[in-house]
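Colleague:
Residue numbers (my numbering): 1 to 727.
1) Between the Cα of residue 239 and the Cα atoms of 266, 251, 311, which residue gives the shortest distance?
2) Measuring alpha carbon to alpha carbon, tell me which residue in 225, 172, 156 is nearest residue 746.
3) Please report how far the alpha carbon of residue 616 lies from the alpha carbon of residue 664, in whole angstroms.
4) What's the C-alpha gap between residue 528 and residue 589?
5) Apply the 10 Å Cβ neighbour rule to residue 416 and answer buried if 16 or more other Cβ atoms are within range, or exposed otherwise.
6) Assuming residue 153 is part of the alpha helix (DSSP H), what are its boundary residues?
7) Going along the chain, which residues of its own chain have a beta-carbon closer than 6 Å to the beta-carbon of residue 211, five neighbours each way excluded?
8) Nearest by alpha-carbon distance to residue 553: which of 584, 602, 619, 175 is it?
9) Can you list, in chain order, the residues of its chain with a C-beta nearer than 6 Å to that of residue 457? Leave out the 5 residues immediately preceding and following it.
10) Per the DSSP calculation, residue 315 is bridged to which residue(s)?
11) Rounded to whole angstroms, what's the CA-CA distance from residue 103 to residue 132? Just pull it up for me.
12) When you compare only the Cα positions, how much space is there between residue 716 and residue 185?
13) Quick one: what does DSSP say residue 77 is sitting in, helix, strand or coil?
14) What residue does the beta strand (DSSP E) around residue 401 start on, and which one ends it?
15) When you compare each of 587, 636, 672 to residue 619 by their alpha carbons, which one comes out closest?
16) Does the Cβ-Cβ distance between residue 299 and residue 274 come in under 8 Å?
17) Is the CB-CB distance between residue 468 and residue 435 below 8 Å?
18) Tell me the rounded alpha-carbon separation between residue 384 and residue 455.
19) What residue does the alpha helix (DSSP H) around residue 87 start on, and which one ends it?
20) Is it true that the CB of residue 591 sits closer than 8 Å to the CB of residue 631?
21) Under a Cβ-count criterion, where at least 16 other Cβ atoms within 10 Å of its own Cβ denotes burial, should residue 257 be classed as buried or exposed?
22) Is there contact between the region 284-299 and the region 325-342, where contact requires at least three CB pairs shorter than 8 Å?
23) Between the alpha carbons of residue 445 and residue 95, how many angstroms are there, rounded?
24) What do you get for residue 478, buried or exposed, if any count of 16 or more other CB atoms within 10 angstroms of its CB means buried?
25) In chain order, what residues of the same chain lie with their CB nearer than 6 Å to the CB of residue 535, ignoring the 5 residues before and after it?
26) Roughly how many whole angstroms lie between the Cα atoms of residue 62 and residue 143?
27) Using a threshold of 8 Å, state whether the C-beta atoms of residue 433 and residue 466 are closer than that.
28) Can you tell me where the beta strand (DSSP E) with residue 288 in it begins and where it stops?
29) For residue 725, count neighbouring C-beta atoms within 10 Å of its own C-beta (all shown protein chains included) and say buried if the count is 16 or more, exposed if not.
30) Could you round the C-beta distance between residue 396 and residue 155 to whole angstroms and report it? I think they count as a contact, below 8 Å.
31) Need the endpoints of the beta strand (DSSP E) that residue 623 sits in, please.
32) Look at the alpha carbon of residue 59 and the alpha carbon of residue 222, and state the distance between them as a whole number of angstroms.
33) State the DSSP-derived secondary structure class of residue 110, mapped to helix, strand or coil.
34) Do you know whose CA, among 486, 690, 390, lies nearest residue 179's CA?
35) Using the Cβ count rule (16 or more neighbours within 10 Å means buried), how would you classify residue 470?
36) Could you say if the region 192-200 and the region 166-175 meet the contact criterion of at least three C-beta pairs nearer than 8 Å?
Right, dumping it as structure tokens:
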């Protein structure tokens, strides 16, 4: 605590030293272009010279020796998406992965990136116990940094991180956007996004983002209710100094659903039948599973230009989150499979599902995060340096009380005639845990421009991480280079190592005779290595941009979900992912756009005590491709009429059950599938109407599974109608 106070005090003093002199400086601020606000993509000069917030500096995207994709808010609105996994539709190498089905989960380049790899405005954004869904309506863009980001952020999956960029006030602009939506599963949603200048000088502005959503689900008894509020205030203290304060309140009251057994979903029963698509393993009525999350944050951004070449930025955020869930039921195969002559169960013959009971679970989580960085542009001879130096700090504290009944025979469910209102009487096995973590990191980067065509990037970060009394230190380097072959086309290559402290992640070391965990240990940090090369292009004359990349990632001390104890993890040896990616973005004519993505991923275990060497990593498709086209009539009688169509193909995926039932094949293959989504919109005056339909052909598919007892069903055809009014 003493070190926390020192760091926060030092950060506050540093920010004060920057802001106060500026406040006494010239106070006449120029009104900004609303399209060039802090936290969004800033166009500077040529079309391809864009910057991203996740770069932490002003290096153009085409000169960063790493693959980075950006999904702007306009595309999220056009496609009508509300989940991060759906937002990554046109990001090569990203795919959904969630054996618990209901919450945000995805992989990047073959590795899980849902936990410990999600950032909000450059600071880590942790999920709660069991999972969480982030709100996209409050975002300006979604940035996907592929490959390790430890050299700048000090953590994250080896496959990459996702940085969510919040909407902030726009100086000198007044607007208000209202919307109302309805759709499948009794959806009702209302939202507002309003921006207001607060003085005549246009140096002060406020913005309010708010949303209410209530919806059911394609699974019986499941649904979501959300209230989301995001007020913010920006003050242009002086022409060279800007301060933005932002707060969020997210309140979720959900009824989550759980995954299903493989037999009856992926595989038919022995009589050729399947479970209905809305089948639930949880009970209904007043015994429905519940999860309530209340997340409150408050933070700020401070930016100051000492000179035209020396810039200081500071970001800080405090988070307080409470999570409660109860009566969450998970399947554990069938209790009454017929027994064959060899004495082993015959798959597909059982009809009575055994179920685990989880809850009640009550968690409180607090975190303090701060990042201070200084950028300086300077020349030494013919070399132009973009220097970056920073220090960030993170402190977390959590406590949970939990209970569960791990005997699946206590909660049988007849798959053919389910009694969803039978009383649940779990045998209590309470347990609790607490965690404290802190991390202090120092990072530096020198991005050198050698003439107009070649850049070299040297980046290093030293971390000191402490979790529950265990101290870990590491140095994470990155070396990269780019070569601008012709204006708008660059080749790049990079090498880097990663270090990821796995805060709050615990592993079961010993199990009692009754099947409950008895000894819990802190998970070790994850380590990784990346080699990457590729090409980036952004041809303004052709309105064509994109990238091609190849890579090899190797990670060790990897955490995976424990199939028996979902609130804990398991450490599985060493994994490797090799692949290639292609992304194209084409704007051939006014109002018309086409996005394409393809990824080849060969991800496998190379060392492991539970999985045979060479086994493919679970839920990772070898091939994935998507295309999204949209057109809006720019003029004439049909001006404002638009349509869009998206197609996504996912090849087969494998899941290897390390602990199969006797006589059952541990390897399960999920079939490939193709999804088609589309939408129609019409904008007139200040009104807009939009209809989106997902899974138009009602394809039955299964995006992922952890084992034979837990398969996630894909969502059937669904629709959404939105009416918007702008002022």
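Beta carbons are placed, not taken as given, at the ideal position from N, Cα and C, and that holds for glycine.
Modeller: In short, the structure shows the following:
1) By one-based count along the chain shown, residue 239 stands at place 239. Just measuring C-alpha positions, the residue of 266, 251, 311 sitting nearest residue 239 is 311.
2) As shown, the chain starts at 1 and ends at 727. That puts residue 746 outside it, with no answer to give.
3) Position 616 of the chain shown, counting from 1, holds the residue named residue 616. Position 664 of the chain shown, counting from 1, holds the residue named residue 664. Rounded to whole angstroms, the gap between the alpha carbons of residue 616 and residue 664 is 19 Å.
4) Within the chain shown, the letter at position 528 stands for residue 528. Within the chain shown, the letter at position 589 stands for residue 589. Computed Cα separation, rounded: 43 Å.
5) Taking the chain shown and counting its residues from 1, one reaches residue 416 at position 416. So residue 416 counts as exposed.
6) Taking the chain shown and counting its residues from 1, the one referred to as residue 153 is at position 153. Start and end: 150-153.
7) Within the chain shown, numbered from 1, the residue matching residue 211 stands at position 211. Sequence-distant Cβ neighbours of residue 211 in its own chain, meaning closer than 6 Å and more than five residues away, are 137, 191, 228.
8) Locating residue 553 in the chain shown gives position 553, where the first residue counts as 1. Nearest neighbour of residue 553 by Cα position, chosen from 584, 602, 619, 175, turns out to be 602.
9) Taking the chain shown and counting its residues from 1, the one referred to as residue 457 is at position 457. In chain order, 65, 447, 480 place their CB closer than 6 Å to the CB of residue 457, counting only its own chain and leaving out the 5 sequence neighbours on each side.
10) On the chain shown, residue 315 is found 315 positions in, with the first residue counted as 1. According to DSSP, residue 315 shares a beta bridge with 301, 371.
11) Taking the chain shown and counting its residues from 1, the one referred to as residue 103 is at position 103. Taking the chain shown and counting its residues from 1, the one referred to as residue 132 is at position 132. Their Cα atoms are separated by approximately 5 Å.
12) Residue 716 sits at position 716 when you count from the first residue of the chain shown. Residue 185 sits at position 185 when you count from the first residue of the chain shown. Linking residue 716 to residue 185 through their CA atoms gives a straight-line distance of about 11 Å.
13) Position 77 of the chain shown holds residue 77. Helix at residue 77.
14) Taking the chain shown and counting its residues from 1, the one referred to as residue 401 is at position 401. Secondary structure note for residue 401: its beta strand (DSSP E) is the uninterrupted segment 383-402.
15) Locating residue 619 in the chain shown gives position 619, where the first residue counts as 1. For the residues 587, 636, 672, the minimum Cα distance to residue 619 belongs to 672.
16) Along the chain shown, read from residue 1 onward, the residue named residue 299 stands at position 299. Along the chain shown, read from residue 1 onward, the residue named residue 274 stands at position 274. The Cβ atoms of residue 299 and residue 274 lie no closer than 8 Å to each other.
17) Taking the first residue of the chain shown as 1, we reach residue 468 at position 468. Taking the first residue of the chain shown as 1, we reach residue 435 at position 435. A contact, by the Cβ cut-off of 8 Å.
18) In the chain shown, residue 384 corresponds to position 384, counting from 1. In the chain shown, residue 455 corresponds to position 455, counting from 1. When rounded, the distance between both Cα atoms is 9 Å.
19) Here the question's residue 87 lines up with position 87 in the chain shown. Note, residue 87: alpha helix (DSSP H), 84-87.
20) Here residue 631 refers to the residue found at position 631 when the chain shown is read from its first residue. Here residue 591 refers to the residue found at position 591 when the chain shown is read from its first residue. Taking 8 Å as the Cβ cut-off, residue 631 and residue 591 qualify as a contacting pair.
21) Along the chain shown, read from residue 1 onward, the residue named residue 257 stands at position 257. By the neighbour-count criterion, in which 16 or more other beta carbons inside 10 Å mark a residue as buried, residue 257 falls on the buried side.
22) Because the criterion of three Cβ pairs below 8 Å is met, the region 284-299 and the region 325-342 touch.
23) Numbered from its first residue, the chain shown carries residue 445 at position 445. Numbered from its first residue, the chain shown carries residue 95 at position 95. Cα-Cα distance, rounded: 31 Å.
24) Taking the chain shown and counting its residues from 1, the one referred to as residue 478 is at position 478. With 16 or more other Cβ atoms inside 10 Å of its own Cβ, residue 478 counts as buried.
25) As a first step, residue 535 is located in the chain shown; it is residue number 535 there, counting from the start. In chain order, 491, 548 place their CB closer than 6 Å to the CB of residue 535, counting only its own chain and leaving out the 5 sequence neighbours on each side.
26) One-based indexing of the chain shown puts residue 62 at position 62. One-based indexing of the chain shown puts residue 143 at position 143. So the two alpha carbons sit approximately 15 Å from each other.
27) As a first step, residue 433 is located in the chain shown; it is residue number 433 there, counting from the start. As a first step, residue 466 is located in the chain shown; it is residue number 466 there, counting from the start. Going by beta carbons, residue 433 and residue 466 fall outside the 8 Å limit.
28) For the purposes of this step, residue 288 is taken as the residue at position 288 of the chain shown. Run containing residue 288: none; DSSP gives neither H nor E here.
29) Working through the chain shown from its first residue, we reach residue 725 at position 725. Per the 10 Å Cβ criterion, exposed.
30) What you label residue 396 is simply residue 396 of the chain shown in a count that begins at 1. What you label residue 155 is simply residue 155 of the chain shown in a count that begins at 1. Actually they are not in contact, since the Cβ atoms of residue 396 and residue 155 sit about 12 Å apart, beyond 8 Å.
31) Along the chain shown, read from residue 1 onward, the residue named residue 623 stands at position 623. In the DSSP assignment, residue 623 falls within the beta strand (DSSP E) that extends over 623-632.
32) Taking the chain shown and counting its residues from 1, one reaches residue 59 at position 59. Taking the chain shown and counting its residues from 1, one reaches residue 222 at position 222. Distance between the alpha carbons of residue 59 and residue 222 is about 45 Å.
33) Residue numbering aside, residue 110 sits at position 110 when the chain shown is read from its first letter. Here DSSP, grouped into helix, strand and coil, assigns residue 110 to coil.
34) Counting from one through the chain shown, the residue named residue 179 turns up at place 179. The shortest Cα separation from residue 179 among 486, 690, 390 belongs to 690.
35) As a working note, residue 470 is residue 470 in the chain shown. With fewer than 16 other Cβ atoms inside 10 Å of its own Cβ, residue 470 counts as exposed.
36) In the pairwise beta carbon analysis, the region 192-200 is classified as touching the region 166-175: at least three pairs are separated by under 8 Å.
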